[in-house]
Each structure stands twice: as C-alpha cells, then as structure tokens.
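For the sequence shown, this note's numbering begins at 1 and goes up steadily by one. The beta-carbon is built from N, C-alpha and C at its ideal position, and this holds for glycine as well. Shown next, in structure tokens, is the structure this report addresses.
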Amino acid sequence: MTLSGDDSEGFFINGRQFRMDSSVFSTPAKVNTIEEWTITNEAGEDHPFHIHTNSFQVMSINGVPQPFVGRQDTIPVPHAVNGVPGKVVIRIPFSDFTGKVMFHCHIAAHEDNGMMSYINVVD
Ligand SMILES: [Cu+2]
C-alpha cells in the first residue's frame, strides 16, 4: 500500500481517503494465513502505520533487513527522500478473527483526515 498526502490536501492510502463501506484492498485476507505487505510512503513526513487485532513482524525498512525482536502493531514508515518513497515490509498473521481489521496512521490528525482503511478477513 502507498501512503501519501499532506496537511493541505489531506491524507491518503492508495490514493483514497477513508470510507467505512469500501476497503483499499479489492481482495480479502483469509483467516489463519500470513500476508506480506509492502508499505511505501510518498509523503515528506514519516507515517506511523498501525493495525488492529493482529500484530506483525517487521521484515525490512528501506530495504534493510530487520532482526526479529518481537511482534509489534505500529511501525514508522520513513518519509520520501529525493522522490524515492520510504518503504517498510511486514508480515501479518490473520489469526482467529474474521471481519473488518482497521489500520491507519497513528498520528490522529492524519487518521482523521483520511489515512485509514481496513482489510476484510474471511473464512
Ligand atoms: Cu501520518
């Protein structure tokens, strides 16, 4: 997924602002599977990505592999530098819960101005 925007135009995930009736993902996740997500940040500031329900493992930050030090539910996605987006790769286990799993920037002003969505988790 791609994070973008700023204080004047609002904040976006995959070019869209939050809608409760429509996910930025066209396909759901399946329960009891693990997905690898690449999160890029085209903005000029860091966005702390936060997801509910299941914590994740951080695999790499800007291409640098990260040692496993425990699962977490928030990771700062670095800002773009000279037009090159920041990039974080995570692996999320979708365990037990089916339904909508919310994720958003953990800066309240960014979340409130659009940088939020969800993924549907299905059987
Ligand atoms: Cu943010």
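By the Cβ test, the segment 19-32 is not in contact with the segment 45-65, since fewer than three Cβ pairs between them sit closer than 8 Å. When rounded, the separation of the alpha-carbon atoms in GLY10 and GLU36 is 27 Å. In this structure, the alpha-carbon of GLY99 lies about 9 Å from that of ASP123. For ASP21, no beta strand (DSSP E) run applies, since DSSP gives it neither H nor E. Under the DSSP assignment, HIS110 falls in the alpha helix (DSSP H) whose first and last residues are 108-112. Here the alpha carbon of CYS105 sits roughly 19 Å from the alpha carbon of VAL81. Counting only residues of its own chain and dropping the five nearest sequence neighbours on each side, MET102 has a CB closer than 6 Å to the CB of HIS52 and TYR118. Cβ-Cβ separation between SER95 and GLU42: approximately 31 Å, too far for a contact (criterion under 8 Å). Beta bridge pairing from DSSP links VAL77 with HIS47. In the structure shown, GLY10 adopts extended strand secondary structure according to DSSP, grouped into three states.
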